[in-house]
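Undergrad:
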Amino acid sequence: MDGNDYKRPLSLDRLDSLVYLDAVINEVLRFTPISDGTFRTLTVDDRLPESGVQLYKGDQVYISIHNLAHDPQNWSINPEVFDPERFLEGGKSLHPYAFVPFGTGHRQCIGQDLARFEFK
């Protein structure tokens, strides 16, 4: 990069190279999720560890994306502070499902790539 780099037109390659912008977008999505949550159907009987509530195969459970994204057990940096640095190298969530702004698995949002492109 030189001093006039900002004058060059944006291309897809240049957009993909904006690592800090990606971190800011991820932090916005973490801090204020697009969706409240998601429902999942249990495939096995289970018991909640803290309350002891019994759950049965076939029950539907609600998973709060906001609560996952703001749970201190899931993040090494205070989750109540807006800090894009958490998404740079070494600042990942402590749990793979702590950051799921577009859902996961076969039910994840099919428009997430377009949405991320539009954010940029």
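For the sequence shown, the residue numbers in the working numbering are 2 to 121.
Note that the Cβ used here is the ideal one computed from N, Cα and C, for glycine as well.
All of these numbers come straight from a predicted model, not from anything done at the bench.
LEU11: buried (16+ other C-beta within 10 angstroms of its C-beta) or exposed?
TA: By the 10 Å Cβ count, LEU11 comes out exposed.
Undergrad: Are the beta-carbon atoms belonging to PRO102 and ILE66 less than 8 Å from one another?
TA: For PRO102 and ILE66, yes; Cβs fall inside 8 Å.
Undergrad: With 16 as the cutoff for other CB atoms within 10 Å, does PRO50 come out buried or exposed?
TA: PRO50 is exposed by the Cβ-count criterion.
Undergrad: Could you say which of LEU43, PHE32, ASN75 and ARG87 lies nearest to GLU81 if we only look at CA atoms?
TA: The shortest Cα separation from GLU81 among LEU43, PHE32, ASN75 and ARG87 belongs to PHE32.
Undergrad: For ARG87, verify whether its CB is less than 7 Å away from any heavy atom of the ligand FMN.
TA: With respect to small molecules bound, the structure shown includes none, and the ligand FMN cannot be examined in it.
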